[in-house]
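Here the protein sequences line up with chains P and C, keeping their order.
By our numbering, the letter at position 60 of the first sequence is numbered 92, and the numbering carries on one by one without gaps.
By our numbering, the letter at position 154 of the second sequence is numbered 186, and the numbering carries on one by one without gaps.
Ideal Cβ positions, reconstructed from N, Cα and C, are used throughout, including at glycine.
There are 2 protein chains.
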Amino acid sequence: MPRTSDGDGTPVPQRLLAAATRLFAEQGYDRTSVQEIVEAAGVTKGALYHYFGSKDDLLHEVYARVLRLQQERLDTFADADEPVDKRLRDAAADVVVTTIENLDDASIFFRSMHHLSPEKNKQVRAERRRYHERFRALIEEGQQAGVFTKETPADLVVDYHFGSVHHLSTWYRPDGPLSPQELADHLADLLLRALRP
Amino acid sequence: MPRTSDGDGTPVPQRLLAAATRLFAEQGYDRTSVQEIVEAAGVTKGALYHYFGSKDDLLHEVYARVLRLQQERLDTFADADEPVDKRLRDAAADVVVTTIENLDDASIFFRSMHHLSPEKNKQVRAERRRYHERFRALIEEGQQAGVFTKETPADLVVDYHFGSVHHLSTWYRPDGPLSPQELADHLADLLLRALRP
DNA sequence: GGCGCCAGACTAACCAGTCGGTATGCCCGA
DNA sequence: TCGGGCATACCGACTGGTTAGTCTGGCGCC
Numbered sequence: 033m034p035r036t037s038d039g040d041g042t043p044v045p046q047r048l049l050a051a052a053t054r055l056f057a058e059q060g061y062d063r064t065s066v067q068e069i070v071e072a073a074g075v076t077k078g079a080l081y082h083y084f085g086s087k088d089d090l091l092h093e094v095y096a097r098v099l100r101l102q103q104e105r106l107d108t109f110a111d112a113d114e115p116v117d118k119r120l121r122d123a124a125a126d127v128v129v130t131t132i133e134n135l136d137d138a139s140i141f142f143r144s145m146h147h148l149s150p151e152k153n154k155q156v157r158a159e160r161r162r163y164h165e166r167f168r169a170l171i172e173e174g175q176q177a178g179v180f181t182k183e184t185p186a187d188l189v190v191d192y193h194f195g196s197v198h199h200l201s202t203w204y205r206p207d208g209p210l211s212p213q214e215l216a217d218h219l220a221d222l223l224l225r226a227l228r229p
Numbered sequence: 033m034p035r036t037s038d039g040d041g042t043p044v045p046q047r048l049l050a051a052a053t054r055l056f057a058e059q060g061y062d063r064t065s066v067q068e069i070v071e072a073a074g075v076t077k078g079a080l081y082h083y084f085g086s087k088d089d090l091l092h093e094v095y096a097r098v099l100r101l102q103q104e105r106l107d108t109f110a111d112a113d114e115p116v117d118k119r120l121r122d123a124a125a126d127v128v129v130t131t132i133e134n135l136d137d138a139s140i141f142f143r144s145m146h147h148l149s150p151e152k153n154k155q156v157r158a159e160r161r162r163y164h165e166r167f168r169a170l171i172e173e174g175q176q177a178g179v180f181t182k183e184t185p186a187d188l189v190v191d192y193h194f195g196s197v198h199h200l201s202t203w204y205r206p207d208g209p210l211s212p213q214e215l216a217d218h219l220a221d222l223l224l225r226a227l228r229p
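Right, dumping it as structure tokens:
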């Protein structure tokens, strides 16, 4: 009964995406063969190339999914009806929690950018920039309002914080002493303290 | 006259290392063929395998060089005869400058760890940990002395800062408005402000 | 009877590492 | 001072294995 799914109920494209995400995170993009992916998803190459144009395409889909999710969440927090320092704090903490919940995505995101074709890379960078700008705007708003110090350019602060978020996939261990939320609170504290006038 | 160097004066092993560093940073480890490396260095495979055991070995050498340099510099700053907040500030700013001066090394470092053989990976991690501990000790010393807040565990602060340093290779552009030193000062400021009690 | 969905053999390209061979300088005995 | 043995430094063709992507065909639903 071949009809976009079998065995378990999830559709083939999603199974492929899930398998690819896990394998890319574990072994890296180049070290993962298309053969491995299709075996992990319980299908064959025919299926993969039916739904995706190339291996590169598969990677691009992973990026698209992550970007969409993060942007949505940021918008939610940034648009909330709260004082700017609370909005920033919530957004900063949320991105940490979300990243931890999708650690595979995160390690792929930063480690495999250069495997995307130039045009897809450009596209991802553009979306990434939008995200960055939104976050920066939040900080600038606080700086104008006098809630945050103006000593450090907002751009730098954003990169400082996201550097640490990016780094999470390198050192965070689920069996560590801190829950994702506790960790997120700490990191958000660091950011907010660094912004204190 | 083949005798460890020719054309320019630099010895062949160093030429190979330099070529490999550049290419690994530009294209990633897997995307760089041994053939490309030897061509960039102006030799052939015979030469490469004469000096290095494997492609993996070459990568390991890059890591060894970076680790040695960073550890040396950290030790210098941490052992200085200065108050703890100045020592931390200097160390934190120096690692930024050094990283910018060797951006290729930095992007390889975090992007290609998983390409090292398991045992070499372990070795690199161990050395990395030593570095981390030294830095953490500095922060803990300040916390004990009451110069830094104890609100955030020292470990976390270290990862927070190095996350941003790591991230540098992603967004830093030499033609940007800030000199490496200015940027380093800003990032060190952020760290110190986040640690203010 | 056609179309979406997929299987799996096949191909053309590439790549790390090997290996037999060559060239050069150095040491040491005669 | 000569020469021959030996080590170091390197060359480049070759091999065995792997890989992304193609293509032909078949199965079942509408």
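For residue i, the three-state DSSP class (helix, strand or coil)
{"i": "Gly39 (chain P)", "result": "Low confidence applies here, because Gly39 (chain P) scores a pLDDT of 47, under 50, leaving its location unreliable and the question unanswered by this model."}
{"i": "Ser139 (chain P)", "result": "helix"}
{"i": "Leu148 (chain P)", "result": "coil"}
{"i": "Asn134 (chain P)", "result": "coil"}
{"i": "Pro45 (chain P)", "result": "helix"}
{"i": "Ala177 (chain P)", "result": "coil"}
{"i": "Pro229 (chain C)", "result": "coil"}
{"i": "Glu183 (chain P)", "result": "coil"}
{"i": "Ser65 (chain C)", "result": "coil"}
Residue-level contact to chain C via CB, residue i, 8 Å cutoff
{"i": "Leu170 (chain P)", "result": "no"}
{"i": "Arg162 (chain P)", "result": "no"}
{"i": "Leu188 (chain P)", "result": "yes"}
{"i": "Ser65 (chain P)", "result": "no"}
{"i": "Gly74 (chain P)", "result": "no"}
{"i": "Gly78 (chain P)", "result": "no"}
{"i": "His92 (chain P)", "result": "no"}
{"i": "Tyr192 (chain P)", "result": "yes"}
{"i": "Ser196 (chain P)", "result": "yes"}
{"i": "His218 (chain P)", "result": "yes"}
{"i": "Arg232 (chain P)", "result": "Residue 232 (chain P) lies beyond the residue range present for chain P, which begins at 33 and ends at 229; the question has no answer from this structure."}
{"i": "Arg119 (chain P)", "result": "no"}
{"i": "Arg228 (chain P)", "result": "yes"}
{"i": "Arg157 (chain P)", "result": "no"}
{"i": "Thr202 (chain P)", "result": "yes"}
{"i": "His199 (chain P)", "result": "yes"}
{"i": "His146 (chain P)", "result": "yes"}
Which listed residue (the options) has its alpha carbon closest to that of residue i
{"i": "Ser149 (chain C)", "options": "C:Arg54, C:Tyr61, C:Arg47 and C:Gln46", "result": "C:Tyr61"}
{"i": "Arg100 (chain P)", "options": "P:Asp137, P:His146, P:Glu173 and P:Arg205", "result": "P:Asp137"}
{"i": "Leu135 (chain P)", "options": "P:Val94, P:Lys87 and P:His146", "result": "P:Val94"}
{"i": "Asp111 (chain C)", "options": "C:Val189, C:Pro45, C:Ala52 and C:Arg166", "result": "C:Arg166"}
{"i": "Ser196 (chain P)", "options": "P:Ala125, P:Asp207 and P:Glu183", "result": "P:Ala125"}
{"i": "Asp207 (chain P)", "options": "P:Ile132, P:Gly41, P:Arg161 and P:Asp122", "result": "P:Ile132"}
{"i": "Gly74 (chain P)", "options": "P:Tyr163, P:Ala57, P:Thr130 and P:Ala51", "result": "P:Ala51"}
{"i": "Leu54 (chain P)", "options": "P:Val70, P:Asp221 and P:Gln102", "result": "Contrary to the premise, residue 54 (chain P) reads as Arg rather than Leu in this sequence. When only C-alpha atoms are compared, the closest one is P:Val70."}
{"i": "Asp88 (chain P)", "options": "P:His146, P:Val129, P:Leu222 and P:Lys118", "result": "P:His146"}
{"i": "Phe56 (chain C)", "options": "P:Leu210, P:Arg143 and P:Leu120", "result": "P:Arg143"}
{"i": "Leu90 (chain P)", "options": "P:Glu58, P:Gln46, P:Arg225 and P:Val129", "result": "P:Gln46"}
{"i": "Pro209 (chain P)", "options": "C:Leu188, C:Leu210 and C:Leu200", "result": "C:Leu188"}
{"i": "Val98 (chain C)", "options": "C:Gln67, C:Arg157 and C:Thr64", "result": "C:Arg157"}
Interface flag, residue i vs chain P, CB-CB below 8 Å
{"i": "Gly85 (chain C)", "result": "no"}
{"i": "Gly178 (chain C)", "result": "no"}
{"i": "Thr184 (chain C)", "result": "yes"}
{"i": "Tyr95 (chain C)", "result": "no"}
{"i": "Asp62 (chain C)", "result": "yes"}
{"i": "Asp221 (chain C)", "result": "yes"}
{"i": "Ala125 (chain C)", "result": "no"}
{"i": "Arg47 (chain C)", "result": "no"}
{"i": "Arg225 (chain C)", "result": "yes"}
Straight-line gap, residue i to residue j (C-alpha atoms, nearest Å)
{"i": "Ser37 (chain P)", "j": "Pro212 (chain P)", "result": "Note that Ser37 (chain P) has pLDDT 42, beneath the 50 cutoff, so the model's placement of it is unreliable and the number below is only indicative. About 34 Å."}
{"i": "Val127 (chain P)", "j": "Thr108 (chain C)", "result": "36 Å"}
{"i": "Ala216 (chain C)", "j": "Ala169 (chain C)", "result": "21 Å"}
{"i": "Asp191 (chain P)", "j": "Trp203 (chain C)", "result": "8 Å"}
{"i": "Tyr83 (chain P)", "j": "Thr76 (chain P)", "result": "12 Å"}
{"i": "Val116 (chain C)", "j": "Gly178 (chain C)", "result": "11 Å"}
{"i": "Phe180 (chain P)", "j": "Leu227 (chain C)", "result": "16 Å"}
{"i": "Asp113 (chain C)", "j": "Glu159 (chain C)", "result": "25 Å"}
{"i": "Gln155 (chain P)", "j": "Glu172 (chain C)", "result": "43 Å"}
{"i": "Gly85 (chain P)", "j": "Gln176 (chain C)", "result": "58 Å"}
{"i": "Thr184 (chain C)", "j": "Ser139 (chain P)", "result": "25 Å"}
{"i": "His198 (chain P)", "j": "Tyr81 (chain P)", "result": "31 Å"}
{"i": "Ala123 (chain C)", "j": "Leu223 (chain C)", "result": "11 Å"}
{"i": "Arg119 (chain P)", "j": "Ala96 (chain P)", "result": "25 Å"}
{"i": "Val129 (chain P)", "j": "Gln102 (chain C)", "result": "31 Å"}
{"i": "Arg205 (chain C)", "j": "Pro43 (chain P)", "result": "43 Å"}
{"i": "Leu106 (chain C)", "j": "Arg161 (chain P)", "result": "33 Å"}
{"i": "Asp221 (chain P)", "j": "Leu48 (chain C)", "result": "45 Å"}
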